[in-house]
Amino acid sequence: MMTIKKVGRSGIRLVEVVWLLLVLLLLLPGGGASAQNTGGTGESGNGRINTIDTEVQGRPTTLSLSQAVQTALRQSRDIQDARLALAEAEQRVDEAWGSIFPKIDFSASYTRNIAPAVAFFPAEFVGGEPGEFRKVQFGADNAWATALVLDQPLFAASAFIGVGAAGRFQALQEETVRGRAQTLVTRVRLAYYNLLLAQEDRRLIENSVNRVRQSLEETEALNRAGLASDYDVLRLQVQLANLEPNLRRTENAVNQARRSLAVELNIEELETLSVEGSLASMDLEDLEANDAPNREILTLSGLRDPLALQPSEILATAYEARSDLKQLDLMEKLRTAELRVQQVEYLPRISLFGNYSINAQQNGSPDFFGDPMTRGTSKWVGVSITLPVFTGLQRDARIDQKRAVLNQAKNQSLLARLQAESQVKSVLEQAQEARERARGQKLAVLQAQRGFEIASAQYREGISSQLELSDAEVALRQSEFNYAQAVFDYLMFRAQLDEATGNVPMVNEALADPRANQ
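With my numbering applied, the sequence shown covers 930 to 1447.
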């Protein structure tokens, strides 16, 4: 039976106040369900880490070039894979050192003889009659044996050379990490520039659409006043109809470039992600004339003003710092060490060995090593020399194999140097051409902008035709895009030149940071 208590007026007012407060908390922004989504782990469900702090959902998140590079170096799967390979190489070095350390083995055994072995001896050996045999038991009911064995190599050429080969392999993996980091940073820079170009193309198309719409409104007004023909209106309508689908195309290009950059950074795809900088406003001639984002883009490079250097100086830098050339040089040294390992197999192996053992036997109930009378010890040390005499010509075949692999590594190094020289010269020429093209396109943009202003003023005054206005608008849009394309090409070739010379920015600093290897 349920008992209901009567609540006074004060109790009713308290309940009403509590319910009112709960309703207000639920209605306040940030309450309720939103408070449950404030996880601070920074890790998404698909295993990709998002280190970019988004201020408020829906606002665009801007990313500078240095932030993009730092994010990629910190959490790229490619770099993590290279570091794991380096960790394996370090353990191989430890394993190689272990082959020249002493080896100590301990063994112990217990045997219970249920029916000990017997043998029959002539009785005359023990004072019996000739022709008779006596049964003699060998072994006791219980038998114990322990042994401690030591083996210390004194001279093992293959082991010592193997340590050097493992060190060469570790150095090769360290250079591989640096090379993959340089390739990653170059890809990030190119993806960043591609997003800048896509955003610039979208902006230019939007400006063209706005200009054509404004011209269409003015032409329609002139048409209503009898100062423009129907054909002029129709021509602008067709031009606008052709431009509007291009706006959607540029929007898709921006989204695709954004996704490509997100993949390189190993972050969640952010539809509102944008990058800092503007190709259209970037001044390649005067660094101080740029804003902070553009200055960062122009200054974030490995080679400082490579266009002012001689090609021989740039080639010398590439031969010294280029990662793939260093990897091939280390590979050649590794192949040489492997050849030496096979050649020293003809040399003898000298080692020191020692043994200490305890054996005991007992009848009846087992008493492990309990009776000194039935327990014996043995100790010995010695030196062993092993000299291979004939192994079926296998060593000669292995030596020939390693020599062929070494010659192959030498040929690859020579070919890579020729390819590096060709690549550096080609990219340098392309960067110089893009720089000169940007210089000319900058002047063309100023002239096209002035021409569009003149054509617009004359068209409003009825002096020029609508066709001249359309031509001026198309020339302005094309000039602006050509300048942005020239700046993009210059930045792209600069990034490729940094990689071709082995001077990719921020790589050495990131790899030297102890936190990067954690």
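Cβ coordinates follow ideal geometry from the N, Cα and C atoms, glycine included. Source: prediction; values computed, not measured.
By the Cβ rule, the region 1408–1416 does not count as touching the region 1095–1110, because fewer than three pairs are nearer than 8 Å. The beta carbon of I1134 sits closer than 7 Å to the beta carbons of L1172, N1175, L1176 and T1179 from its chain, once the five residues preceding and following it are set aside; these are given in chain order. For secondary structure counted as the beta strand (DSSP E) over 3 or more consecutive residues, the region 1063–1118 holds these complete runs in sequence order: 1071–1084. Residue pairing for D1034: DSSP places it in a beta bridge opposite V1078. For the pair N1139 and S1394, the Cα-to-Cα distance works out to about 19 Å. Residue environment: E1261 is assigned as buried (16 or more neighbouring CB atoms within 10 Å of its CB, all protein chains considered). Of all C-beta pairs linking the region 1246–1265 to the region 1335–1353, three or more are shorter than 8 Å, placing the two stretches in contact.
Distance from L1268 to L1335 at the Cβ level is roughly 6 Å; contact confirmed, criterion being Cβ atoms closer than 8 Å.
Around the CB of P1045, fewer than 16 other CB atoms lie within 10 Å, so the residue is classed as exposed.
Q1387 has its alpha-carbon roughly 36 Å from the corresponding atom of N1223. The beta carbon of A1363 lies closer than 7 Å to those of A1415, D1418, Y1419 and F1422 in the same chain, with the five residues before and after it left out.
Relative to the Cα of K1064, the nearest Cα in the group F1054, P1240, Q1341 and I1043 belongs to F1054. As computed with DSSP, L1124 is found in no beta bridge at all. Less than 9 Å separates the beta-carbon of L1077 from that of F1035. For P1051, the secondary structure class from DSSP, reduced to helix, strand or coil, is strand. In this structure, the straight-line span from the alpha carbon of Y1285 to that of P1031 is close to 16 Å.
Under the three-state reduction of DSSP output, G1380 falls in the helix class.
Non-local C-beta neighbours of Q1256 in its own chain, meaning closer than 7 Å and more than five positions away in sequence, comprise L1101, E1104, T1105 and G1108, ordered along the chain. Counting every other CB atom within 10 Å of its CB across the protein chains shown gives P1240 a total below 16, marking it as exposed. With a minimum length of 4 residues, the unbroken runs of alpha helix (DSSP H) contained wholly in the region 1214–1296 fall at 1221–1228, 1240–1250 and 1252–1272.
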